[in-house]
Every structure is written in C-alpha cells, then in structure tokens.
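Residue numbers (my numbering), protein chains in the order written: chain A, 1 to 170; chain B, 1 to 309; chain C, 1 to 418.
Ideal Cβ positions, reconstructed from N, Cα and C, are used throughout, including at glycine.
All values derive from a computational prediction rather than experimental measurement.
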Amino acid sequence: MDAVAIERALSRVAHEIVERNPDEESLTLVGIRTRGVPLARRLAANIGSILGRAIATGELDITMHRDDLALRETLPRVGPSDISFDVNDRTLVLVDDVLFTGRTIRAALDELSDFGRPRRIQLAILVDRGHRELPIRPDFVGKNVPTALNERIRVRLVEVDGKDEVLLER
Amino acid sequence: MNTTWRHKDLLGIQELTAEEITFLLDTAAAFKQVGERSIKKVPSLRGKTLVNLFIEPSTRTRTSFELAAKRLSADVININTTASSLVKGETLKDTALNLQALNADIIVIRHSAAGAPHFLARFLKASIINAGDGAHEHPTQALLDAFTIREHKGRIDGLNVTILGDILYSRVARSNIWLLTKLGARVTLAGPSTLVPRVFEQFGCRVVHDIETAIGDADVINLLRIQHERQRKTMFPSIGEYTAMFGLNKDRFARTKPDALIMHPGPINRGVEIDSEIADCDRSVILEQVTNGLAVRMAVLFVCSGGQL
Amino acid sequence: MKSLLIKGGRVIDPANHVDEVRDVFIAESKIVASAQDAEVIDARGKIVTPGLIDMHVHLREPGRGDKETVETGTRCAARGGFTSIVCMPNTTPAADNTGTIAFIRQRVAEVGCVNVFPTGAISKELKGEELAPIGSLKKAGIVALTDDGHCVQSNDLMRRAVEYAKMFNLPVLDHCQDYSLVADGVVHEGYWSAALGLRGWPATGEDVIVARNVLLAELTDWWIHCQHISSARSVQLIREAKRRGVKISAEACPHHFTMTDGCVKAYETNFKMNPPLRTEHDRDGILEGLADGTIDCIASDHAPHCTYEKEVEFDLAPFGIIGLETELALSLELVRKKVLTLPALIERFTTKPATLLRLNKGTLSMGADADVTIIDPEIEWTYDVTQSASKSRNSPFHGWQMRGKAERTIVGGVTKFP
C-alpha cells in the first residue's frame, strides 16, 4: 500500500466505525504502541470530522502483559500507557497496524481490563496478515493481505518513520 | 525495541553505565503508571518466586520490595533473621543454597556485611538484588532518589546535589555518589570531618564541613539519618552538637534556593537532621520518594528477571 | 645414609661470601669437603643454597588440626624449598606453657619433615596482661617470644617482656597492631575501604606500634623484630632507628610486596589478611626497604584456614592466606625486577633469620647441618592450590603463572622434597 491507499483505507474504516456505533457518545480510540498510536489519532480525526466533535484517544503499552517474556533472552523496552479517561462503561476501539497471531491483542485486552470494565471493545486493524494463534478477530480491516509465515509485513507511518507505506517482504 | 540490559543481578550502581541507569529510570516511569490504575497488577513475573532475605531488619524496604514483586504477580517469601542467628547456626551460603534448592528466582538481600550480595551472586543462579549491604551500596535507593529528582527538575546533569550527614557509614550516600557523578551532577558532601573524610574527594565530590557552604547553592538537599550508636560515639560528641552544626532548621532552610528539593531516605529523626515543619513543607519530596521506590523496584525486578538472562 | 654430591650448581652461600659454580658434598647429615661413593645430584643450571628459613609460619597444631597439622605444614615448607620454619604460638592451647611446646616438638619428631623452631608466647593466653613463663619456655626449646596473632598493647608489659627476654637471649617478635586505631578494620583504610564500604585498618595502626617498639628496643637495649611490615612509614621508622644502632629488625611477606589494596574490590576473602594489602606507595616502600636492607627477612605468614571458614561474608572471614609454596617464586620476582641481587635475596632467607634467631642454620660451612635447597630459577609453572600439600586452600595465587621453584629440598642430608 502507498500513502494514498493507506489514507483511503483509514477513511473507509472511520466511516465503518461510525456506522457500527451510531449513537455512541462514549466512543474512544485506543492505539497500541507503537504504530497503533498515530493510526488511532488519524482515525479519531477522521471520525471527528464526520461527527463534528472531538473523539478521545488513549495509548496502550502492552509489554508488561506479554505472554512471551519468560522465553526471551532480552526484554523489550517498557513504556507507560496513557489511559487518562475512565474506561468503565465506555465503547473502546483498539487500533493497531498489523494483526498476526492475535497475542498482542490478547495482551491489550488483559491490560485494558486492569483499568476497569469497558462496555464493549472493538478492534480496528490496518493490515490483517492471517495466521491467528488465538480466537481473535478484527471488527474493522484496512486491507487483508494473506502471507506466508516466512514473510513480513512492514508498516511505515509518517509520524514514526517519516513516510507512509505498507510493504510485504519475503 | 529490545534492551541491552544484560545483568541478572543488581549489586551496585558503581558497575552500571550512565545509559543503564537512565534505562532503569525510564522503565520505572512506565511502572509508576501501574500504581495509578484500579488494578495495580501486571502479569510480568507471574510464576516467579522472590525471596526477601533480610539479615539486617528493615520493614520499609522489605515491604516496598514485597509490594513491587506482588504487583508484578510474583510469589513472595520473607525471611527475616539477624546476623547472629546465622553465625550461630547456618552460614549465609547454606541458607542461600537452600533457597536455590527451592528454585527461588530472585533473592533480595539486605545484610550488615558489605559484599554479601556479591558473595551470593558468585554461586547462585537466582537474580540477586542488593537491598543494602553494610556501608557499601543501596542501589534502589539511589535510583528512586534520582527518579524523584528527575521528575521535579527534568534532569540530573548539571544540578548541584548536596548529601548531608554521616557519609562514611552510609550506603545510601555511596550509591548516590556513584549515580549522581555518572549522570553529571555536581555532588557536595557535608558533615563532621570525622564522618565526611577527604578521601571522598577522590570520588569526584566536593567535601565541606559547614552547612552554609553546603546548602547555599544546592538544587537538591539529601539528608541522611544520623545515629549516635556504638560505632559512632568516637566520631562526634552528641546528637545535640550535630543538630546545632548540621541540622536543617528554619534559618538555614530560609537561605536555600527557593526551588531546592528536600530529600531523606527515611526514617526521619524529626528535630535532629531536619526540623519537623521542613519535613512536611511543600519542597519536601520525602513521601514521593516512597512512592517512586515502588516503581523503581518494579522496574529493577522486571529487568533483572523478567527474561531468561 | 648415603653421601650426596650436588654437582655443578651455582652455589650461593652468603655466610661464606660464596657465589660461584662449585660442588657441595654431604656425608652423615653434614656438609663436608668431600665424600666417597656419593650419589650424584646434577645441579647444573640450578641455584644451590643453604636450606631456606621461613620465620613466620602457623602450623595450627595443637587445636586446629582441621586447618593444618605439623605434618602437612612441614610438607608445604619442603615443597616450598624451606628446610627450617619458625612456628607461631597462637595455637589452642596457646604456646604459653611447656606442655604445648613439648607437644609440638614431639609431633615434629614423629611426622615433621623439616626443622621446626617453636616460639613461645610473651603473655599468658596471648591476652597481653601477664607474662608467660618465659624461662621455662626457653628451657623447653623456644627460639623467640611473640604473641603473634595478637599484640601486647600495654607498653609497660612489652617493656618488661623485652627486658626479661634479654636474660635468656631471646629476641621478641611483634605483630604490630594498635587495637584502638585498628578497631574492627578489615582492609587498608584508604580509597578502597571508602569505595567498598568496609571498615578501614589505617597504616598508622601499624606505625604507632613500630614506633613504640623502636623506643622500647632503645630503652631496653634488646632485640625487637617487627613482623610482616606492610606500611611505608613503618619502613621509614625502622630505617631511621637502624641508623642510630637500635636493636630493631623487620620482615616482609610476599603478598605485601606483590599486591595492593585494589585486589579486594570483588570482596574475595583470599585477599583478606592481617595486616592488610596496602597502597602502591606502601608496596614501593617495602621494596625499597628490602633493597636497602631495612627489611632483614622475608617470611610467609603461612596462615591456613578451612574453606568453609573463608567462604563467608568478607567481614566474617578469618584473616590470612597460605604461602609457603608460592613464597620463593614471588620472591624471585624481586631479583627479576632488580630490587635485589640473587645473593641478597638468599640472605633474606638464610643468614638474616639465622642470625636474628641465633640458629645454627643458613650456611653451607664445613660441618654445618646438611640443609640444602636446590632452586630451578627459570622453570615456568602454574600454581594449582588444589594440589597443595596444605590441608587448606586459602591462597590468592591460585592459577598464577610463576617462574622459579625449589627443585629439591634436603634436610639433614635426606631429600624431603620431591
């Protein structure tokens, strides 16, 4: 995907989110660090202009909830999460760049429940590359890209990497 | 992004680089946020066993480590014993080997003998965390002190930090000296000449023996607890004389910089090293140090034993 | 007993001012001018000296045979090239009574493989309060008085002890330590004690007692020998006193002229000894003292301790290291570093201690006891403490590459090592 394709996908996803949640006052987007965060902000901006009001966002660092820490030789860097609103009884849309095994989302769900009890959680993904290891499915998908296990999806975003693109690497 | 932290133990600040120290402080910031959630627990150390081996008693530090471990979902065992019972009965080595036989993953040790954690690290597979070894080091205390300073001042580099009191017998002083000098602070040590000997100039510190010089341009003032027990009786005549010469009273406090932080590792001797009101004033960050201690210890436990080092 | 001919070695015999390649004959356990049917020992390329003397060894018997015995301790000595050793009185019970001396001498006769000269205590139970029965101890066979392990703090008692010892021609050896200055110090007081948070043992704690010994030696006009000198200031005090003709002497241990206090930085208890390792400046002071003769002898202060006793927190570990088997190699380094010539080094192990203690040893004169050490000065070897003859393993030199070793140790005409 190039920058234009990404923009179009995000625009479509924003509309789908609004369509699925017609009367949602409490709609909030939570980006999963790292690249889920700028994606969440862009979606919030899109949804905001559709609805004519500001949409709240938050950031989640799921490192502490990973299920593979004990298997690793060195640990990933931990950063703080920023959930400055009350999650209780809220509709949250988790946002991430790539959906693969589903374990990151599982960790995100666990971490969110440490903050309280949302009314419902939906999942918005830029690219779904398949190979789920857990029963996790996205509600909103930018693009389905079937991949082989030895391939990689590389997402670059302006806010993090200086440009927008999605590449499939073999 | 993976880290380059490759130590399974935290024995002291002396052996860490400035990058490693900064990394620990950054990680602590993430863990501080956990304490502000409604569920103050993360599963990172689930299934790991932490033993608090406190040969020298301490309720505060032990509780802090215990809570830190529990917030990381580890199982905690507390062993409190005095050195004398170890000497009469089991050696430290045997006690530690027994803990290893129970597959303890982390041993937090506080001991009155300097070098005790290094001794354990030589033959145990578990992560050894130094919670204070004699007069040598108390690394998590220095880390939480630095974390607190950084939160208020935004940096450590270039700050004037004064440590006041019994430096010679203080592990808190030593760990702070290593950390602050590595991160670029200008450290002043102050106290009676018997307790703050000139040899500390070789550690890159300024040594002074009058409180006015020490605190006049300080951005941070870290007060150490002063004790007049057996070992110190020949070092200074009385608590009264110490307080008169070095106590942080109202007059002296008035001559400090208006934004100078007041710190103390606790427990405070009100009216001795610090006037009661000053301990409670808004420039005193003593209670924040305790909160930050929890975050720092969570970070240390996570980083030393969360993986497979 | 077979006669021996030690052939073609470089014979260094300071007592007779000999340093040349020549043959040494041994018959009937004495040095002789020649002998028939002698077994030939090829000593070409080797150094042949009078049997070396170590005047500071802890044999631990009676009382702590778990650390070392007369048998194992003397075997260490033989392996190290020493034919005579002087053992210290801090046994259990202390050597403050004739019974202990008799016991030691009996054990030596039964199982000892080198000559052992016992010392007797200055004070009862080494407590520094009352004089031990010095006259009886002399009769029982001691060669010197010392409270080693401890130090008589009362200047008055020390003075009286030295005056009394004079009557018996006994030199007094002193472990120089002022208890109040040293308190519970475990490492040299300086940069490293400050960095490691360990209690310091200031050099002044040794200097103060050396100074008092100088003054008492002057007052009593008798011999006081300062053991294991570790401080540069002490060397200076002794040098100055010798210039004035005071009857003062001194010894130094290999660890004090080889290592410094930085060695303790990992809290390894095999670097914990009393007096402690000190700074480069102190080490240099010892080297100067050895070079100009201020320090008369080299001794090991061989101090065995069981492994379980040393494998504890640094503060709790006993002081001391074994040293008989590494002493010679470390001392030969002094020759390589041009601190001493080889003959001067040999003096430190032969004529000097023999003279101080009035021993009929340390020479290859005709009719002298056939105690001979044959040294291979160039052989390279690695010290493996696990193979030591000692019962104990507390050495900081394990794994060190060494150069020079005793090849053969002959005591009274009999080869005791290998």
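- Query: Are the beta-carbon atoms belonging to S305 of chain B and I106 of chain B less than 8 Å from one another?
  - Reply: Along the second sequence, read from residue 1 onward, the residue named residue 305 of chain B stands at position 305. Along the second sequence, read from residue 1 onward, the residue named residue 106 of chain B stands at position 106. Cβ atoms of S305 of chain B and I106 of chain B: closer than 8 Å.
- Can you check the region 88-142 of chain A for any beta strand (DSSP E) of at least 3 residues that lies completely inside it and give the ranges in chain order? 91-99, 120-128
- Query: Where does the unbroken alpha helix (DSSP H) through W400 of chain C begin, and where does it stop?
  - Reply: The residue labelled residue 400 of chain C in the question sits at position 400 within the third sequence. It is not in any alpha helix (DSSP H) - W400 of chain C carries neither H nor E in the DSSP assignment.
- Message: Please state the DSSP three-state secondary structure of D94 of chain B.
- Response: To locate residue 94 of chain B, count along the second sequence from 1; it is residue 94. Helix.
- Task: Within 10 angstroms of the Cβ of S84 of chain B, are there 16 or more other Cβ atoms? Answer buried if so, exposed if not.
- Result: Translated into the one-based positions of the second sequence, residue 84 of chain B becomes position 84. Reliability fails at S84 of chain B, whose pLDDT of 49 lies under 50, so the model's placement of it is uncertain and no value is given.
- Give the residues from the region 66-77 of chain A that approach chain B closer than 9 Å (Cβ to any Cβ), ordered along the chain. R66, D67, L69, A70, L71, R72, E73, T74, L75, P76, R77
- Task: Give the range of the alpha helix (DSSP H) segment to which C263 of chain C is assigned.
- Result: If you number the third sequence from 1, residue 263 of chain C lands on position 263. Here C263 of chain C belongs to no alpha helix (DSSP H), and DSSP marks it neither H nor E.
- Could you tell me whether the region 121-128 of chain B touches the region 146-166 of chain B, where touching means 3 or more Cβ pairs closer than 8 Å? no
- Check whether the Cβ atoms of P50 of chain C and D19 of chain C lie closer than 8 Å to each other. As a position in the third sequence, residue 50 of chain C is number 50, starting the count at 1. As a position in the third sequence, residue 19 of chain C is number 19, starting the count at 1. Contact: no.
- Nearest candidate by alpha-carbon position, reference F257 of chain C, set C:L126, C:V235, C:E407, C:S249: The count along the third sequence starts at 1 and reaches residue 257 of chain C at position 257. Closest option to F257 of chain C, Cα to Cα, is C:V235.
- Establish whether the CB of K93 of chain B and some CB of chain C are separated by less than 8 Å. By one-based count along the second sequence, residue 93 of chain B stands at place 93. At least one chain C Cβ lies under 8 Å of K93 of chain B.
- Message: Under 8 Å, Cβ to Cβ, is there at least one residue of chain C near V207 of chain B?
- Response: As a position in the second sequence, residue 207 of chain B is number 207, starting the count at 1. By this cut-off, V207 of chain B is not an interface position.
- What residues match up with E407 of chain C in a beta bridge as DSSP calls it? Here residue 407 of chain C is taken as the residue at index 407 of the third sequence, counted from 1. Partner(s): none; E407 of chain C has no beta bridge.
- Query: How about C76 of chain C and L324 of chain C: do their beta carbons lie closer than 8 Å?
  - Reply: Locating residue 76 of chain C in the third sequence gives position 76, counting from the first residue. Locating residue 324 of chain C in the third sequence gives position 324, counting from the first residue. Cβ distance < 8 Å, so C76 of chain C and L324 of chain C count as in contact.
- Query: Which residues in the same chain as G404 of chain C place their Cβ atom closer than 6 Å to its Cβ, once the five residues preceding and following it in sequence are excluded?
  - Reply: Counting from one through the third sequence, the residue named residue 404 of chain C turns up at place 404. Cβ within range, chain order: A329, L332, P377.
- Query: Below 8 Å between beta carbons: does that hold for N21 of chain A and T91 of chain A?
  - Reply: As a first step, residue 21 of chain A is located in the first sequence; it is residue number 21 there, counting from the start. As a first step, residue 91 of chain A is located in the first sequence; it is residue number 91 there, counting from the start. A contact, by the Cβ cut-off of 8 Å.
- Task: May I ask you to report which of helix, strand or coil DSSP gives R10 of chain C?
- Result: Position 10 of the third sequence, counted from the start, is the residue given in the question as residue 10 of chain C. Of the three classes helix, strand and coil, the one that applies to R10 of chain C here is strand, per DSSP.
- Would you report the Cα separation of T72 of chain C and T279 of chain C, rounded to the nearest angstrom? Residue mapping note: residue 72 of chain C aligns to position 72 of the third sequence, counting from 1. Residue mapping note: residue 279 of chain C aligns to position 279 of the third sequence, counting from 1. Between T72 of chain C and T279 of chain C, the C-alpha separation is close to 33 Å.
- Task: Hey, could you find the ends of the alpha helix (DSSP H) K257 of chain B is sitting in?
- Result: Within the second sequence, numbered from 1, the residue matching residue 257 of chain B stands at position 257. No alpha helix (DSSP H) holds K257 of chain B; DSSP gives it neither H nor E.
- Item | Where the alpha helix (DSSP H) through C76 of chain C begins and ends | Here residue 76 of chain C refers to the residue found at position 76 of the third sequence. Segment 70-80, the alpha helix (DSSP H) holding C76 of chain C.
- Message: Output needed in chain order: residues of the region 104-119 of chain A with a Cβ under 8 Å from some Cβ in chain B.
- Response: D110, E111, S113, D114, F115, G116
- Task: Counting only runs of 3+ residues fully inside the region 305-387 of chain C, write out the beta strand (DSSP E) ranges in chain order.
- Result: 372-382
- Item | Cutoff 7 Å; reference A102 of chain C; Cβ partners in own chain excluding five residues on either side | In the third sequence, residue 102 of chain C corresponds to position 102, counting from 1. The residues are A140.
- Are the region 111-119 of chain A and the region 75-95 of chain A touching, with three or more C-beta to C-beta distances below 8 Å? yes
- Query: Any idea which residues DSSP pairs M1 of chain A with across the strands?
  - Reply: Residue numbering aside, residue 1 of chain A sits at position 1 when the first sequence is read from its first letter. Its beta-bridge partners do not exist; DSSP assigns none.
- With 16 as the cutoff for other CB atoms within 10 Å, does L345 of chain C come out buried or exposed? By 1-based counting over the third sequence, the position of residue 345 of chain C is 345. Buried.
- Query: Relative to the alpha-carbon of R150 of chain B, which residue among B:I226, B:A185, B:S238 has its alpha-carbon at the smallest distance?
  - Reply: Here residue 150 of chain B refers to the residue found at position 150 of the second sequence. Nearest C-alpha to R150 of chain B: B:A185.
- Query: Tell me which same chain residues have a C-beta within less than 6 Å of the C-beta of W223 of chain C, skipping the five on either side of it?
  - Reply: The residue you call residue 223 of chain C lines up with position 223 of the third sequence. Excluding sequence neighbours, W223 of chain C sits near P171, K247.
- Message: For the region 207-226 of chain C against the region 190-197 of chain C, do three or more pairs of beta-carbon atoms, one drawn from each stretch, fall closer than 8 Å, so that the two count as touching?
- Response: no
- Query: For the beta strand (DSSP E) that S127 of chain B lies in, which residues bound it at each end?
  - Reply: Numbered from its first residue, the second sequence carries residue 127 of chain B at position 127. Run containing S127 of chain B: 127-133, per the beta strand (DSSP E) assignment.
- Item | Cα-Cα separation, K352 of chain C to S180 of chain C | As a working note, residue 352 of chain C is residue 352 in the third sequence. As a working note, residue 180 of chain C is residue 180 in the third sequence. Between K352 of chain C and S180 of chain C, the C-alpha separation is close to 33 Å.
- W5 of chain B at chain A interface by Cβ criterion, 8 Å: By 1-based counting over the second sequence, the position of residue 5 of chain B is 5. Judged by the 8 Å Cβ criterion, W5 of chain B is in contact with chain A.
- Task: Flag S81 of chain A as yes if its beta-carbon sits less than 8 Å from any beta-carbon of chain B, otherwise no.
- Result: Position 81 of the first sequence, counted from the first residue, corresponds to residue 81 of chain A. Yes, S81 of chain A lies at the interface with chain B (some Cβ there is under 8 Å from its Cβ).
- Message: Quick check: the Cα distance between E19 of chain A and D26 of chain B, rounded to an integer number of angstroms?
- Response: For this step, residue 19 of chain A is matched to residue 19 along the first sequence. For this step, residue 26 of chain B is matched to residue 26 along the second sequence. Rounded to whole angstroms, E19 of chain A to D26 of chain B spans 41 Å at the Cα level.
- Query: In its own chain, which residues sit with a C-beta less than 7 Å from the C-beta of F397 of chain C, not counting the 5 before and 5 after it?
  - Reply: To locate residue 397 of chain C, count along the third sequence from 1; it is residue 397. Here the set comprises T326, Y383.
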